[in-house]
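J.: This is the structure I have questions about; it appears just below.
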Amino acid sequence: MKNRRMFLRTLACGLVAMLVMVVPVIADELLGVLSKVDVDGKNITVIQKDTDKEVVVKITDETEEVSKKGNRKVDLDKLAKRVEGIKEKTGKGPNVKVTHEKGTASKIEYQFKKKGAN
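Here my numbering is used: the first residue of the sequence shown is 227, the next is one more, and so on.
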């Protein structure tokens, strides 16, 4: 009887410990169109996909940019030029998925349309 109780107590403690470690790791994802890059303030503005609400996200030195070419640290000057070039061609910024926690971005991924999709 004691062995069974001890086993259940150990199992319960293990599950609680796993939850405590996993829950803080979960970050928010923001899907939308990158509209502005503030190089001096180290911020980007993303227009959220479904709500058309502008969300300002802070960029740090640890923020990564993910593209077809691979991962690299964000260079805000190049990002601003790229966004302006895309805006001139298409009329809006690139589609992105920003992974952030408490308004600070950890990853910016470019979302590309599949070939043949309308």
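Cβ coordinates follow ideal geometry from the N, Cα and C atoms, glycine included.
Take Ile273 and list the residues in its own chain whose beta-carbon comes closer than 6 Å to its own, dropping the five residues that flank it on each side.
T.: So the qualifying residues of the chain are Gly258, Val259, Ser261 and Glu280.
J.: For the alpha helix (DSSP H) that contains Lys279, what are its first and last residues?
T.: Lys279 -> no alpha helix (DSSP H), and no H or E assigned at all.
J.: Using DSSP with H/G/I as helix, E/B as strand and the rest coil, what is Glu288?
T.: Here Glu288 sits in coil by DSSP.
J.: In chain order, what are the residue ranges of uninterrupted beta strand (DSSP E) at least 3 long that sit wholly in the segment 291-326?
T.: Correct list: 296-299.
J.: I'd like the span of the beta strand (DSSP E) that includes Lys333, first residue to last.
T.: Unbroken beta strand (DSSP E) run through Lys333: Thr330 to Tyr336.
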